[in-house]
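K.L.:
Here numbering that gives the first Met the number 0 is used: position 208 in the sequence shown is 207, and no number is missing along the way. Think of the CB as a built atom: it goes at the ideal place given N, C-alpha and C, for glycine as much as any other residue. This is the structure, below, for whatever I ask next.
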Amino acid sequence: MQERAVLTRQAAILGAAKSFEKFGYSASLGTILQHAGVSKGAMYFHFASKEELAHAVIEAQHAMAMEGTRLVGTQSDTAVEMLVLVSQEMARQLVTEPIARGGMRLTMEIGSMQGPIEKPYLDWIDAIKEIALQAADDGDIVKGTDIDALARFIVGSFTGVQILSEMLTGRADLYERLNQMWNLVLPTIVHKSTLAHVMRLAALPPHKSEAATA
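Given below as structure tokens:
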């Protein structure tokens, strides 16, 4: 029964994410139930209201992003590589994962109605700051770079890039726009001895075939 309850809760969150991605916070309960494939009773067993369900989607998206960051860390040879690879993983999630897309839209919409939802962005800034500090310690970041400002700039730039990509192409060009972002940023922050390698890395979008079929 416990396993079944977990699966039902996961189905409700995924169905809600798909609905919120398409219709925003105004998505009806009927639409959410249709996408989730669960009964109204099962939905309300886990979530007392649509608002509570929406926040669960945001939390799931945030958890996915943080887990992606952790996994990238286990696969990166250096911290400066990780800076680029983490952003590519965030882009991959937005292209391929309904929870990522639904959570991102809700973060913007609920924030505009109820006040900013800060934690996902603050946690992401802290994660990028930690990576950048390590890259600076490794000598791969230009001396004198303001790491606090860099972390906020990377997160802010990625947020803007993905929103513009979503508005103009439904994120079909997100990897390309992300590469353009790094082409502008990397030469100003990365040591010359490492720059060519990191630039090549930024030009290689992850799981391109997976994104094309999503």
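Helix, strand or coil for Ile57, going by three-state DSSP, please let me know.
P.N.:
The residue you call residue 57 lines up with position 58 of the sequence shown. Three-state result, Ile57: helix.
K.L.:
Go through its chain and collect everything with a Cβ distance to Ile153's Cβ below 6 Å, but skip five positions before and after it.
P.N.:
Residue mapping note: residue 153 aligns to position 154 of the sequence shown, counting from 1. Leaving aside the five residues that flank Ile153 on each side, the residues in its chain whose CB is nearer than 6 Å to its CB run, in chain order, Ile127.
K.L.:
The alpha helix (DSSP H) spanning Phe46 covers which residue range?
P.N.:
On the sequence shown, position 47 is the one that residue 46 refers to. Per DSSP, Phe46 belongs to no alpha helix (DSSP H) and is neither H nor E.
K.L.:
Just to confirm, is the Cβ distance from Tyr31 to Ile116 under 8 Å?
P.N.:
Numbered from 1 along the sequence shown, position 32 holds the residue referred to as residue 31. Numbered from 1 along the sequence shown, position 117 holds the residue referred to as residue 116. Residue identity differs from the one stated: residue 31 is Ile in this sequence, not Tyr. Not in contact: Ile31 and Ile116 (Cβ atoms no closer than 8 Å).
K.L.:
Express the C-alpha separation of Val94 and Gln161 in angstroms, rounding to a whole number.
P.N.:
Position 162 of the sequence shown, counted from the first residue, corresponds to residue 161. Position 95 of the sequence shown, counted from the first residue, corresponds to residue 94. About 10 Å.
K.L.:
So what does DSSP say about Ile116, is it helix, strand or coil?
P.N.:
Residue 116 sits at position 117 when you count from the first residue of the sequence shown. If DSSP states are grouped into helix, strand and coil, Ile116 belongs with coil.
K.L.:
In whole angstroms, what separates the C-alpha of Gly169 from that of Lys142?
P.N.:
Translated into positions along the sequence shown, residue 169 becomes position 170. Translated into positions along the sequence shown, residue 142 becomes position 143. Approximately 38 Å, taken between the alpha carbons.
K.L.:
Can you give me the Cβ contacts of Pro97 inside the same chain, cut-off strictly under 7 Å, excluding the 5 residues immediately before and after it?
P.N.:
Start at 1 with the first residue of the sequence shown, and residue 97 comes out as number 98. So the qualifying residues of the chain are Leu13, Ala16, Lys17, Glu20.
K.L.:
For Gly101 and Arg8, I'd like the C-alpha separation in whole angstroms.
P.N.:
Numbered from its first residue, the sequence shown carries residue 101 at position 102. Numbered from its first residue, the sequence shown carries residue 8 at position 9. Rounded to the nearest angstrom, the two C-alpha atoms are 16 Å apart.
K.L.:
Which residue or residues does DSSP assign as beta-bridge partners of Val5?
P.N.:
The residue you call residue 5 lines up with position 6 of the sequence shown. According to DSSP, Val5 bridges with nothing at all.
K.L.:
Look up Val189 in the DSSP assignment and give the residues it is bridged to.
P.N.:
Looking up residue 189 in the sequence shown gives position 190. Beta-bridge pairing links Val189 to Ile140.
K.L.:
What number of angstroms, rounded off, separates the C-alpha of Ala78 from the C-alpha of Glu129?
P.N.:
What you label residue 78 is simply residue 79 of the sequence shown in a count that begins at 1. What you label residue 129 is simply residue 130 of the sequence shown in a count that begins at 1. Using only the alpha carbons, I get a separation of about 9 Å.
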